[in-house]
Amino acid sequence: MSMEFYKQTGFWKKSTQYKPGEPLTNEKLIKVEEHLGRQLPASYVTLMKAQNGGELKHRYVLFEDGEAAIIPYFYEVDLDHGIGLTPVFIEECGLPEGLVLLTGDLHSWLALDYRKSKDPSVVYISEDESESGLWEEYPLALTFSEFTARLFRKEG
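Written as C-alpha coordinates, this is what we have:
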(Lines of atoms letter the chains of each structure in order from A and count residues from 1; the text may use other names and numbers.)
(Lines give C-alpha, C1' and ligand atoms only; values in the text may rest on other atoms or scores of the structure.)
Protein backbone atom coordinates (compact mmCIF):
# COMPACT_ATOMS: atom_id res chain seq x y z
CA MET A 1 0.00 0.00 0.00
CA SER A 2 1.27 3.47 -0.85
CA MET A 3 0.13 6.96 0.09
CA GLU A 4 -0.79 9.67 -2.40
CA PHE A 5 -0.63 13.11 -0.79
CA TYR A 6 -2.90 15.98 -1.77
CA LYS A 7 -1.16 18.24 -4.30
CA GLN A 8 -3.57 21.18 -4.67
CA THR A 9 -5.91 19.44 -7.14
CA GLY A 10 -8.74 16.98 -6.68
CA PHE A 11 -9.63 17.91 -3.09
CA TRP A 12 -13.28 16.84 -3.16
CA LYS A 13 -14.49 13.30 -3.79
CA LYS A 14 -16.78 13.35 -6.84
CA SER A 15 -19.24 10.59 -5.91
CA THR A 16 -20.32 11.40 -2.37
CA GLN A 17 -22.88 10.48 0.27
CA TYR A 18 -22.29 13.68 2.28
CA LYS A 19 -24.01 16.31 0.19
CA PRO A 20 -22.32 19.73 -0.04
CA GLY A 21 -24.14 22.83 1.16
CA GLU A 22 -25.43 25.60 -1.06
CA PRO A 23 -22.64 27.41 -2.93
CA LEU A 24 -20.62 29.71 -0.68
CA THR A 25 -21.16 33.38 -1.54
CA ASN A 26 -19.15 36.32 -0.24
CA GLU A 27 -22.26 37.51 1.62
CA LYS A 28 -22.70 34.16 3.38
CA LEU A 29 -18.98 34.01 4.19
CA ILE A 30 -19.08 37.45 5.83
CA LYS A 31 -22.13 36.49 7.92
CA VAL A 32 -20.54 33.23 9.10
CA GLU A 33 -17.23 34.93 9.94
CA GLU A 34 -19.09 37.62 11.91
CA HIS A 35 -21.10 34.94 13.73
CA LEU A 36 -17.93 33.02 14.65
CA GLY A 37 -15.91 36.17 15.37
CA ARG A 38 -13.10 34.80 13.24
CA GLN A 39 -11.69 35.33 9.75
CA LEU A 40 -11.37 31.98 8.01
CA PRO A 41 -8.06 31.14 6.26
CA ALA A 42 -7.97 32.10 2.56
CA SER A 43 -6.90 28.60 1.48
CA TYR A 44 -9.90 27.10 3.34
CA VAL A 45 -12.28 29.65 1.80
CA THR A 46 -10.96 28.85 -1.70
CA LEU A 47 -11.75 25.15 -1.23
CA MET A 48 -15.17 25.90 0.21
CA LYS A 49 -16.04 28.25 -2.68
CA ALA A 50 -15.18 25.44 -5.10
CA GLN A 51 -17.57 23.15 -3.19
CA ASN A 52 -19.21 24.06 0.11
CA GLY A 53 -18.40 20.96 2.15
CA GLY A 54 -18.50 17.29 1.31
CA GLU A 55 -16.31 14.21 1.28
CA LEU A 56 -12.56 14.54 0.91
CA LYS A 57 -10.70 12.59 -1.76
CA HIS A 58 -7.56 12.52 0.41
CA ARG A 59 -9.17 11.57 3.72
CA TYR A 60 -6.30 10.54 6.00
CA VAL A 61 -3.84 12.58 8.02
CA LEU A 62 -0.81 11.36 9.96
CA PHE A 63 -0.12 12.25 13.57
CA GLU A 64 3.42 12.82 14.80
CA ASP A 65 3.56 9.24 16.18
CA GLY A 66 2.75 7.70 12.78
CA GLU A 67 -0.89 6.90 13.57
CA ALA A 68 -3.50 8.19 11.12
CA ALA A 69 -6.95 9.70 11.51
CA ILE A 70 -9.76 9.67 8.99
CA ILE A 71 -11.15 13.06 7.98
CA PRO A 72 -14.09 11.86 5.87
CA TYR A 73 -15.73 15.21 5.11
CA PHE A 74 -15.86 18.92 5.89
CA TYR A 75 -18.97 20.65 7.13
CA GLU A 76 -20.37 23.38 4.91
CA VAL A 77 -19.85 27.07 5.67
CA ASP A 78 -23.33 28.11 6.78
CA LEU A 79 -24.95 29.88 9.73
CA ASP A 80 -27.62 27.28 10.46
CA HIS A 81 -25.60 24.17 9.55
CA GLY A 82 -21.99 23.13 9.41
CA ILE A 83 -19.36 25.38 10.96
CA GLY A 84 -22.02 27.88 12.03
CA LEU A 85 -22.98 25.40 14.76
CA THR A 86 -19.49 25.59 16.31
CA PRO A 87 -20.63 27.60 19.38
CA VAL A 88 -23.40 25.07 20.07
CA PHE A 89 -21.04 22.09 19.91
CA ILE A 90 -18.35 23.85 21.97
CA GLU A 91 -20.85 24.44 24.75
CA GLU A 92 -22.60 21.07 24.46
CA CYS A 93 -19.39 19.02 24.37
CA GLY A 94 -17.29 21.12 26.75
CA LEU A 95 -14.72 21.90 24.06
CA PRO A 96 -12.22 24.75 24.47
CA GLU A 97 -13.29 28.22 23.35
CA GLY A 98 -11.43 29.65 20.34
CA LEU A 99 -12.04 26.76 17.93
CA VAL A 100 -13.92 26.59 14.64
CA LEU A 101 -15.07 23.02 14.05
CA LEU A 102 -14.49 21.82 10.47
CA THR A 103 -15.87 18.32 11.03
CA GLY A 104 -16.62 15.95 13.85
CA ASP A 105 -18.89 13.33 15.36
CA LEU A 106 -19.25 14.38 19.04
CA HIS A 107 -16.32 12.07 19.95
CA SER A 108 -13.59 13.62 17.80
CA TRP A 109 -13.20 16.92 15.97
CA LEU A 110 -11.00 18.61 13.40
CA ALA A 111 -10.76 22.30 14.15
CA LEU A 112 -9.14 25.57 13.28
CA ASP A 113 -7.49 26.71 16.53
CA TYR A 114 -7.55 30.48 17.13
CA ARG A 115 -6.55 30.32 20.82
CA LYS A 116 -2.97 31.55 20.24
CA SER A 117 -3.30 33.60 17.05
CA LYS A 118 -5.74 35.17 14.62
CA ASP A 119 -4.02 32.94 12.04
CA PRO A 120 -5.26 29.52 13.14
CA SER A 121 -3.41 26.27 13.43
CA VAL A 122 -5.20 22.96 12.82
CA VAL A 123 -5.86 20.57 15.68
CA TYR A 124 -7.50 17.17 16.08
CA ILE A 125 -9.41 16.72 19.34
CA SER A 126 -10.73 13.43 20.66
CA GLU A 127 -12.37 12.20 23.83
CA ASP A 128 -10.00 11.06 26.52
CA GLU A 129 -10.15 7.26 26.67
CA SER A 130 -10.64 7.38 30.45
CA GLU A 131 -14.17 8.70 29.85
CA SER A 132 -13.42 11.58 32.19
CA GLY A 133 -15.12 14.11 29.93
CA LEU A 134 -11.74 15.57 29.03
CA TRP A 135 -10.41 16.07 25.53
CA GLU A 136 -7.01 15.11 24.13
CA GLU A 137 -5.52 17.49 21.58
CA TYR A 138 -3.21 16.60 18.72
CA PRO A 139 -1.64 19.51 16.81
CA LEU A 140 -1.65 18.72 13.08
CA ALA A 141 -0.34 21.82 11.32
CA LEU A 142 0.55 25.46 11.90
CA THR A 143 -1.65 26.57 8.97
CA PHE A 144 -4.60 25.22 7.02
CA SER A 145 -2.45 25.02 3.85
CA GLU A 146 0.13 22.95 5.73
CA PHE A 147 -2.68 20.69 6.95
CA THR A 148 -4.06 20.03 3.45
CA ALA A 149 -0.54 19.17 2.22
CA ARG A 150 -0.46 16.41 4.87
CA LEU A 151 -3.74 14.82 3.70
CA PHE A 152 -3.34 11.57 1.78
CA ARG A 153 -5.24 8.67 0.34
CA LYS A 154 -4.26 5.02 0.32
CA GLU A 155 -3.46 3.35 -2.97
CA GLY A 156 -3.05 -0.25 -3.86
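Residue numbers (UniProt numbering): 1 to 156.
Every residue gets a Cβ at the ideal spot worked out from N, C-alpha and C, and that includes glycine.
Remember, predicted model here, so these are calculated numbers, not experimental data.
{"Query": "Contact under 8 Å by Cβ, lysine 118 with methionine 3", "Result": "no"}
{"Query": "Top-ranked residue by Cα proximity to alanine 141, from Trp135, Leu134 and Pro120", "Result": "Pro120"}
{"Query": "Run of the beta strand (DSSP E) containing valine 100, from where it starts to where it stops", "Result": "99-104"}
{"Query": "Contact check, phenylalanine 74 vs leucine 112, beta carbons under 8 Å", "Result": "no"}
{"Query": "Classification of isoleucine 125 by the beta-carbon crowding that lies within 10 angstroms, buried from 16 upward", "Result": "buried"}
{"Query": "Rounded Cβ spacing between threonine 86 and valine 100 (contact assumed at less than 8 Å)", "Result": "5 Å"}
{"Query": "Minimum length 3: unbroken beta strand (DSSP E) runs contained in the stretch 79-129", "Result": "99-104, 108-113 and 121-127"}
{"Query": "Bridge partners - tyrosine 60, DSSP secondary structure assignment", "Result": "Ile70 and Phe152"}
{"Query": "Stretch pair the stretch 54-70 + the stretch 25-40: three plus CB contacts closer than 8 Å", "Result": "no"}
{"Query": "Extent of the continuous alpha helix (DSSP H) run through tyrosine 44", "Result": "42-50"}
{"Query": "Histidine 58 classed as buried or exposed, judged by whether at least 16 other C-beta atoms fall within 10 angstroms", "Result": "buried"}
{"Query": "Secondary structure of phenylalanine 11, DSSP reduced to three states", "Result": "coil"}
{"Query": "Cross-strand partners of glutamate 55 (DSSP beta bridge)", "Result": "Tyr73"}
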